[in-house]
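Residue numbers for the sequence shown follow the numbering used here, beginning at 33 and rising by one. Glycine included, every Cβ here is placed at the ideal spot set by N, Cα and C. Model, not experiment: these values are computed from the prediction. Everything on this sheet refers to the single structure shown next.
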Amino acid sequence: MSDIDLDELRSELSDFAEPEKKGGRSPREERIIAGFEEIQRFVEKHERTPQHGEDRDIFERIYAVRLDRLRSLEEGRSLLAPLDHQGLLSSQQTVATATSLTVDDDELLAELQVASGGINITELRHVRKSVDKRAAEEIANRIVCEDFETFKPLFERVQRELASGARQAIPVQSMDEFRLTEIKQGQFFIVGGQVAYVADVGENFKTQYDRRDSRLRVIYDNGTESNLLIRSFQRSLYPDKDKAGRLITNPEVGPLFANEPEADDLASGTIYVLRSKSEHPVVAANRSVLHKIGVTGGKVETRIANASLDPTFLMADVDVIATYELYNVNRIRLENLIHRVFDPAQLDIEIRDRFGNPVKPREWFLAPLFIVNEVVERIKNGTITQYIYDPATASLVKTT
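Here's what the structure looks like:
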């Protein structure tokens, strides 16, 4: 075997070595060049430079902005000049403001859409589909709701029930397609951060694509309303994948009684009905039908021991009018349910506590005792979720 010539071996191995990058370019410079080459390919294909304008394709508009920036950036012109066989950088067809822009590294890379590990130029993350834009435009086309005072109490009640847990706000992403197509009158949604109430659903009709649709009257909690198609309203619930709308559930509180107690269940509970001895003019005028309805897991006597010092009891002693023993009951759910049923008859009163601070008690209702008895019976047989108290007729009326 002949002796190995080291210089000859080194020469042969160099043929397989990875070629050095031209000029030792940085990753940033490589990205700038890659962005410029995309513009060059556009020019080769269309035989013109990319142009600005709303009527242009989104890719062309991006290339046009990119080219303006490269022309205005000294570093960009110096780097790309040897590659500019089409004379793009020397063209005077720049936007007047482009030469006045100061572009730093991050801004340039954001403009070129080629940041390392970032957005691919073919991925239009921030470009909405035309159907989404139409839906947003229809939602934005709202007018003042002339009869908003009729709906205002509904929004106030929903806010209270959301706060108490009687209602839940479920992201529409978790709902199946069928439920979304079954939007009904009386439902509440959260759209763009506003509570929306479906006040009316018009008759169904077929679209030109043979799809079922109908027109809605939707009232918003800011006192506006819109008249739009149900499918447009559905699309408005998805303005952005990270900001989906929500369906506000009906105030059904789940099972009140169970064979096995849960962590927050009581071994036993007592519904109590109290009558105030307060001499407040409003209380005195309605004493026979004004009742505090609550639930306790202990003795009622203990609960009312310091009534005259407690603003919850109107800062006055009380009489116990009725009690109802219930076993294995979830107290929080039960209270939420009772307060929902009697919400239309809630007493609106403000009193001062012993420190002079204003307090608005929430558990006093203008309802006769026989209605309370009926509510308790319907709680026991499980039908109460279908009813609400109507003060005008002093009766329970079905909600569905």
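### Task
Ignore the nearest five residues each way along the sequence and tell me which others in F74's own chain have a CB closer than 6 angstroms to its CB.
Your numbering for residue 74 matches position 42 in the sequence shown. Excluding positions up to five away in sequence, the list reads P82, Y95.
### Task
With a cut-off of 8 angstroms on the beta carbons, I'd call Q200 and T281 a contact; round off their distance for me.
Reading the sequence shown from its first residue, position 168 is the one you call residue 200. Reading the sequence shown from its first residue, position 249 is the one you call residue 281. Q200 to T281, Cβ: 5 angstroms. Contact.
### Query
Given a threshold of 16 other Cβ atoms within 10 Å of its Cβ, counted over all protein chains shown, does T334 qualify as buried or as exposed?
Locating residue 334 in the sequence shown gives position 302, counting from the first residue. Label assigned to T334: exposed.
### Query
What residues in its chain sit with their C-beta under 8 angstroms from that of P423, if we drop five residues either side in the sequence?
Position 391 of the sequence shown holds residue 423. Cβ neighbours of P423 beyond the five flanking positions: P376, A377, L398, A399.
### Query
Taking contact to mean at least 3 C-beta pairs separated by less than 8 angstroms, is the segment 303 to 317 in contact with the segment 347 to 354?
A contact between stretches requires three or more CB pairs, one per stretch, nearer than 8 angstroms, and the segment 303 to 317 meets this requirement with the segment 347 to 354.
### Message
Considering only the alpha carbon of each residue, which of Y270, T431, I403, L346 lies closest to N17?
### Response
The requested residue 17 does not occur in the structure, where the chain is confined to residues 33 to 432.
### Message
Buried or exposed for E92, going by 16 or more other Cβ atoms inside 10 Å?
### Response
The residue labelled residue 92 in the question sits at position 60 within the sequence shown. Around the beta carbon of E92, 16 or more other beta carbons sit within 10 angstroms, so the residue counts as buried.
### Query
Which residue spans inside the segment 53 to 123 form an unbroken alpha helix (DSSP H) run of at least 4?
Under the rule that a run must span 4 or more residues, the alpha helix (DSSP H) segments found entirely inside the segment 53 to 123 read 59 to 78, 90 to 104, 106 to 112.
### Task
Can you give me the start and stop residues for the alpha helix (DSSP H) that E409 sits inside?
Counted from its first residue, the sequence shown places residue 409 at position 377. Taken as a continuous stretch (DSSP letters only), the alpha helix (DSSP H) holding E409 covers 401 to 413.
### Query
Which term fits D253, buried or exposed, when burial requires 16 or more other beta carbons within 10 angstroms of its beta carbon?
As a working mapping, residue 253 is identified with position 221 in the sequence shown. D253 should be labelled buried.
#### Entry: Selection from L261, R80, V176, E382 that minimises the alpha carbon distance to R243
By one-based count along the sequence shown, residue 243 stands at place 211. For R243, the nearest C-alpha among the options comes from L261.
### Task
State the CB to CB distance for the pair K324 and V350, rounded to an integer number of angstroms; the pair is presumed to be in contact (CB under 8 angstroms).
To locate residue 324, count along the sequence shown from 1; it is residue 292. To locate residue 350, count along the sequence shown from 1; it is residue 318. Yes, they are in contact, since the Cβ atoms of K324 and V350 sit about 7 angstroms apart, within 8 angstroms.
### Task
Go to Q439, then tell me how far its beta strand (DSSP E) extends in each direction, as first and last residue.
The structure shown does not extend to residue 439, since the chain spans only 33 to 432, so no value can be given for it.
#### Entry: Three or more C-beta pairs below 8 angstroms linking the segment 400 to 420 and the segment 367 to 376
Verdict: yes, contact present.
### Task
Inspect the beta-carbon positions of E257 and I175 and report whether they are closer than 9 angstroms.
Within the sequence shown, residue 257 is the residue found at index 225, counting from 1. Within the sequence shown, residue 175 is the residue found at index 143, counting from 1. E257 is a Cβ neighbour of I175, given a cutoff of 9 angstroms.
#### Entry: Three-state secondary structure (DSSP) of K430
In the sequence shown, counting from the first residue as 1, residue 430 sits at position 398. Residue state, collapsed to three classes: strand.
### Task
Buried or exposed for P393, please, with buried defined as at least 16 other CB atoms from any protein chain shown within 10 angstroms of its CB.
As a working mapping, residue 393 is identified with position 361 in the sequence shown. In summary, P393 is buried, with 16 or more beta-carbon neighbours lying within 10 Å of its beta-carbon over all protein chains present.
### Task
Please name the residue, chosen from I416, D385, V250, T425, that lies closest to E178 on a Cα-to-Cα basis.
As a first step, residue 178 is located in the sequence shown; it is residue number 146 there, counting from the start. Of the candidates I416, D385, V250, T425, the one whose C-alpha sits nearest the C-alpha of E178 is V250.
### Task
Could you check what DSSP says for V146 in three-state terms: helix, strand or coil?
Along the sequence shown, one-based indexing puts residue 146 at 114. Any answer about V146 is weak, because its pLDDT of 40 lies below 50 and its placement is not dependable; what the coordinates show is given next. Assignment of V146 by DSSP, reduced to helix, strand and coil, places it in the coil class.
### Task
Express the C-alpha separation of Y270 and Q125 in angstroms, rounding to a whole number.
To locate residue 125, count along the sequence shown from 1; it is residue 93. To locate residue 270, count along the sequence shown from 1; it is residue 238. Note on Q125: pLDDT 45, under 50, position unreliable in the model; no value is reported.
#### Entry: Proximity to G119 [Cα-Cα], best of E76, T417, L401
Residue 119 sits at position 87 when you count from the first residue of the sequence shown. Considering only alpha carbons, the answer is E76.
### Task
Reducing DSSP to helix, strand and coil, say where S268 ends up.
Taking the sequence shown and counting its residues from 1, one reaches residue 268 at position 236. The three-state reading of DSSP puts S268 in helix, counting H, G and I together.
#### Entry: Proximity of I215 and G277 at Cβ, strictly below 9 angstroms
Counting from one through the sequence shown, the residue named residue 215 turns up at place 183. Counting from one through the sequence shown, the residue named residue 277 turns up at place 245. Cβ atoms of I215 and G277: not closer than 9 angstroms.
#### Entry: Helix, strand or coil at F180 according to DSSP, with G and I counted as helix
Here the question's residue 180 lines up with position 148 in the sequence shown. Reduced to three states, the DSSP call for F180 is helix.
### Message
Whole angstroms are fine: how far does the CA of F402 sit from the CA of V314?
### Response
On the sequence shown, position 282 is the one that residue 314 refers to. On the sequence shown, position 370 is the one that residue 402 refers to. The C-alpha of V314 lies about 22 angstroms from the C-alpha of F402.
#### Entry: T328: first and last residue of the uninterrupted beta strand (DSSP E) it sits in
Taking the first residue of the sequence shown as 1, we reach residue 328 at position 296. Unbroken beta strand (DSSP E) run through T328: 322 to 328.
### Nearest-angstrom Cα separation, counted from V230 out to P203
Reading the sequence shown from its first residue, position 171 is the one you call residue 203. Reading the sequence shown from its first residue, position 198 is the one you call residue 230. One alpha carbon belongs to P203, the other to V230, and they sit about 17 angstroms apart.
### Query
What did DSSP end up calling A337 once you bin it into helix, strand or coil?
Mapped onto the sequence shown, residue 337 falls at position 305. Shown here, A337 sits in coil according to DSSP, grouped into three states, outside any helix or strand.
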